[in-house]
Amino acid sequence: MIAMALTEMTFDDLMRLEQFRNERLRSFFAESLLHCVFRRDGHKVLLIYCPEAWIVDKLLTDLEELCDYAWLILGSEAIALYFAQEEICRIGHNRVHYEVHSKIHNRVHKASIGIRHNILRRSWPLQKDCNRSSFRLKSL
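Residue 11 is where the sequence shown starts when you use the numbering used here, and the numbers rise one by one after that.
And the structure:
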């Protein structure tokens, strides 16, 4: 029988592991994340700071895939994109059915049951929780 030695990871080991995870995520989105600075905050939110507008556009195009990879590789529960020190959007990784009332278009957008990402935008101030019949204001 082989005995396995239980060792605790040191702070340096944890930092190195986080660095490897960040490099792995960057390898999947090399074109856009190469120029970005990103880190995880204490609430499992991946904060991505983009230096140019075209990078934000590229990341928004690949948003669903980026959320999946960030969740699988880093364990991030949400992503926040920043450009010029302003939060562009915040995306939560969840698996709920929801309806969003758009103030601009004055219509209800329904998401499919299999949707995993809830995009929180400033133009959508109300969200209906389908498990409850009441509306609530989103906190931005």
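From the three backbone atoms N, C-alpha and C, an ideal C-beta is built for every residue, glycine too.
Quantities reported herein were computed from a predicted structural model and do not represent experimental measurements.
Check: Which stretch, first to last residue, makes up the alpha helix (DSSP H) that contains Leu91?; Outcome: Element bounds for Leu91: not the alpha helix (DSSP H) but the beta strand (DSSP E), Ala88 to Phe93.
Check: Below 8 Å, can you find three or more Cβ-Cβ pairs linking the region 19-34 to the region 59-78?; Outcome: no
Check: Going along the chain, which unbroken runs of the alpha helix (DSSP H) with 4 or more residues stay wholly within the region 44-84?; Outcome: 63-71 and 73-84
Check: DSSP on Glu18, reduced to helix/strand/coil?; Outcome: coil
Check: Go through its chain and collect everything with a Cβ distance to Leu43's Cβ below 6 Å, but skip five positions before and after it.; Outcome: Arg36
Check: With a CB to CB cut of under 6 Å and the five nearest residues on each side skipped, what residues in its chain are close to Tyr92?; Outcome: Tyr59
Check: With burial defined as no fewer than 16 other Cβ atoms inside 10 Å of the residue's Cβ, what is the status of Phe30: buried or exposed?; Outcome: exposed
Check: Can you say whether Leu69 is buried or exposed, counting buried as having 16 or more other CB atoms within 10 angstroms of its CB?; Outcome: buried
Check: Out of Phe39, His45 and His103, which has the shortest C-alpha to C-alpha gap to Trp81?; Outcome: His103
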